[in-house]
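S.K.:
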Amino acid sequence: MNFKGTIKSKMPKQETSIFAVMSALALEHKAINLSQGFPDFNISAELINLVHKYMKKGKNQYAPMTGIPELREQISLKVESLYGTKFDYQKEINITAGATQALHTAIAATINEGDEVIVFEPAYDSYVPVVKMHGGIVKFAQLKLPDYHIDWNEVMKLISSRTRMIIINSPHNPTGSILTDTDLKMLDKLTRNTDILILSDEVYEHLIFDGNRHESICRYPELAQRSYVVGSFGKTFHATGWKLGFVLAPENLMDEFRKAHQFVVFACNTPIQYAITEYMQDKNVYRELGSFYQQKRDRFLELIRGSKFNVIPSYGTYFQLLEYSRITDEPEIDFAIRMTKEYKLASIPVSVFYHKNTDNKVLRFCFAKKEETLKKAAEIICRI
Ligand SMILES: Cc1ncc(COP(=O)(O)O)c(C=O)c1O
Numbered sequence: 171m172n173f174k175g176t177i178k179s180k181m182p183k184q185e186t187s188i189f190a191v192m193s194a195l196a197l198e199h200k201a202i203n204l205s206q207g208f209p210d211f212n213i214s215a216e217l218i219n220l221v222h223k224y225m226k227k228g229k230n231q232y233a234p235m236t237g238i239p240e241l242r243e244q245i246s247l248k249v250e251s252l253y254g255t256k257f258d259y260q261k262e263i264n265i266t267a268g269a270t271q272a273l274h275t276a277i278a279a280t281i282n283e284g285d286e287v288i289v290f291e292p293a294y295d296s297y298v299p300v301v302k303m304h305g306g307i308v309k310f311a312q313l314k315l316p317d318y319h320i321d322w323n324e325v326m327k328l329i330s331s332r333t334r335m336i337i338i339n340s341p342h343n344p345t346g347s348i349l350t351d352t353d354l355k356m357l358d359k360l361t362r363n364t365d366i367l368i369l370s371d372e373v374y375e376h377l378i379f380d381g382n383r384h385e386s387i388c389r390y391p392e393l394a395q396r397s398y399v400v401g402s403f404g405k406t407f408h409a410t411g412w413k414l415g416f417v418l419a420p421e422n423l424m425d426e427f428r429k430a431h432q433f434v435v436f437a438c439n440t441p442i443q444y445a446i447t448e449y450m451q452d453k454n455v456y457r458e459l460g461s462f463y464q465q466k467r468d469r470f471l472e473l474i475r476g477s478k479f480n481v482i483p484s485y486g487t488y489f490q491l492l493e494y495s496r497i498t499d500e501p502e503i504d505f506a507i508r509m510t511k512e513y514k515l516a517s518i519p520v521s522v523f524y525h526k527n528t529d530n531k532v533l534r535f536c537f538a539k540k541e542e543t544l545k546k547a548a549e550i551i552c553r554i
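Residue 506 in the numbering used here sits at position 336 of the sequence shown, and the numbers go up by one each step.
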């Protein structure tokens, strides 16, 4: 069946997300899937039991539009104890249907026709289409290889009187790079006394390695005053399928967010909000996440030692970039597809995170996987 009229597409050039494409290809070719970012091990049994408990207790109807107050209060306490800034849980915190919805709604609520938004490439795939959907103009800044750092001189040149927002993401998907104190101070310097908003995607806030500290926007009060900070319980509690996240913002920015949020989802999953409220009171459930994933990263690197791929250091997230110029000069997409079909291992070509498909011969592998999955994947990597 098809609509017979004319469709004026709002996103005429938008293709299906590479994650959907690679995961479908992995399934078709029975390949090990290190492409999409999700764990292949189960989540905490305690957390599952808590959801069950609250469902049986009758917490099955609409939650408040802003999220249940108990969960917002827990988030406020956690953010204050980790990063030192207190967010008023009534006015400055909102629960969302995953980070994706929080990102979308923050952009929808603040970006008008012709507003400029600075995005760093390679960039998580949802930012650019959403900015464009709302009439914004994307200005691309390039993260500099080999360590994917920000060139602040380039950012300075991109800022104009039309700049409305800068989107940052640390720890960074797809590269595993992290922002430093110097980066945040430069961001502060460049945005002081301007109307520029910051959208800070911090979904991997706890997945940080080698003794590094997560430089949350919430550590920098001046920056926090102009920012939407986005988090994801899906990433933190290994439950990406639950699609629950949150956003922090100063009151007047949150007011704008809520005006849009109420007509996007209105409210989010109720029993899961109650379950997470109780679960996160034990700080160890997120405190140990960095060392948990660092062990996985180290194990993966140990298993692929001696392969022809070159390792690009990952300081956070659950992604590892591997550069393959010693193997082939095929473009990333071709090589990733061939690897999936011939070698039965799916990854993500990093070129898809660039608007011009910049090709540096780098693939992204997700190591949030069981030992046996990592072993099988590493055997293949060592054979290529
Ligand atoms: C950088 C980044 N932001 C946002 C998201 C979306 O998070 P959620 O699953 O909570 O919507 C992801 C998921 O992969 C991500 O990697």
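From the three backbone atoms N, C-alpha and C, an ideal C-beta is built for every residue, glycine too.
1. For Asp587, report the span of its beta strand (DSSP E) as first-last.
2. Tell me, please, whether the stretch 422 to 435 touches the stretch 272 to 288 by the rule of three or more beta-carbon pairs shorter than 8 Å.
3. What does a CB cutoff of less than 6 Å around Asn480 pick up in its chain, not counting 5 residues either side in sequence?
4. Determine the burial state of Val156: buried for a count of at least 16 other Cβ atoms within 10 Å of its Cβ, exposed for fewer.
5. Could you check whether Ala196 and Ser187 sit closer than 8 Å to each other, using their CB atoms as the reference points?
6. Can you say whether Gly254 is buried or exposed, counting buried as having 16 or more other CB atoms within 10 angstroms of its CB?
7. Starting from Phe462, follow the alpha helix (DSSP H) in both directions and report where the run begins and ends.
8. Just how far apart, CA to CA, sit Ala548 and Asn230?
9. Does DSSP put Pro519 in a helix, a strand or coil?
10. Run the proximity test for Asn339: is its beta-carbon closer than 7 Å to any non-hydrogen atom belonging to ligand 1?
11. How many Å lie between Val191 and Asn323 at the Cα?
12. Would you check whether ligand 1 has a heavy atom nearer than 7 Å to the C-beta of Thr556?
13. Could you tell me whether any non-hydrogen atom of ligand 1 is closer than 7 Å to the CB of Gly415?
14. Pick out the complete beta strand (DSSP E) segments inside the stretch 204 to 285, 3 residues or longer, and give them in chain order.
15. Under the three-state reduction of DSSP, which class applies to Arg334: helix, strand or coil?
16. Since Tyr488 contacts Ala538 with CB under 8 Å, what's their CB separation in whole angstroms?
17. Would you check if the distance between the CB atom of His319 and the CB atom of Lys514 is smaller than 8 Å?
18. Since Thr266 and Cys438 should fall inside the 8 Å C-beta cutoff, what is the C-beta to C-beta distance between them, to a whole number of angstroms?
19. Where Asn264 and Tyr224 are concerned, what is the direct C-alpha to C-alpha distance, given to the nearest angstrom?
20. Just to confirm my understanding: we take Pro519, look at its own chain, exclude 5 residues before and 5 after, and list those with CB closer than 7 Å. What are they?
21. On a Cα-Cα basis, can you pick out the residue from Leu328, Asp529, Glu448, Ala269 that is closest to Glu243?
22. Alpha carbon to alpha carbon, how far is Gly175 from Ser370?
23. What does a CB cutoff of less than 6 Å around Tyr398 pick up in its chain, not counting 5 residues either side in sequence?
24. Buried or exposed: which applies to Arg315, given that a residue is buried once 16 or more other Cβ atoms fall within 10 Å of its Cβ?
M.R.: Here's the rundown:
1. Because the chain is modelled from 171 through 554, residue 587 falls outside the range shown and cannot be assessed.
2. The answer is yes - the stretch 272 to 288 touches the stretch 422 to 435, with three or more Cβ pairs under 8 Å.
3. Here the set comprises Glu493.
4. Since the first and last residues shown for the chain are 171 and 554, residue 156 lies out of range.
5. Contact: no.
6. Answer is exposed; the Cβ neighbour count stays below 16.
7. Residues 459 to 473.
8. Ala548 and Asn230: Cα-Cα distance of roughly 43 Å.
9. DSSP places Pro519 in strand when its eight states are reduced to three.
10. Yes, the beta carbon of Asn339 sits closer than 7 Å to at least one heavy atom of ligand 1.
11. Going by the C-alpha atoms only, they are around 36 Å apart.
12. Residue 556 falls outside the range modelled here, since the chain spans only 171 to 554, and no answer is possible.
13. Because some heavy atom of ligand 1 lies under 7 Å away, the Cβ of Gly415 counts as near it: yes.
14. If we require 3 residues or more, the beta strand (DSSP E) runs fully inside the stretch 204 to 285 come out as 263 to 266.
15. Strand at Arg334.
16. That belief holds up - the Cβ atoms of Tyr488 and Ala538 are roughly 4 Å apart, short of 8 Å.
17. No, they are not a contact pair.
18. Confirmed, Cβ separation roughly 6 Å.
19. Spanning the two alpha carbons is a distance of roughly 21 Å.
20. Excluding sequence neighbours, Pro519 sits near Glu502, Ile503, Ala506, Leu533.
21. The shortest Cα separation from Glu243 among Leu328, Asp529, Glu448, Ala269 belongs to Glu448.
22. Going by C-alpha positions, Gly175 is about 40 Å away from Ser370.
23. Excluding its 5 nearest sequence neighbours in each direction, Tyr398 has C-beta neighbours in its own chain below 6 Å: Ala276, Leu369, Val417, Ala419, listed in chain order.
24. Sequence check: residue 315 is Leu here, not Arg. Residue burial annotation: Leu315 is exposed, with fewer than 16 other C-beta atoms found within 10 angstroms of its C-beta.
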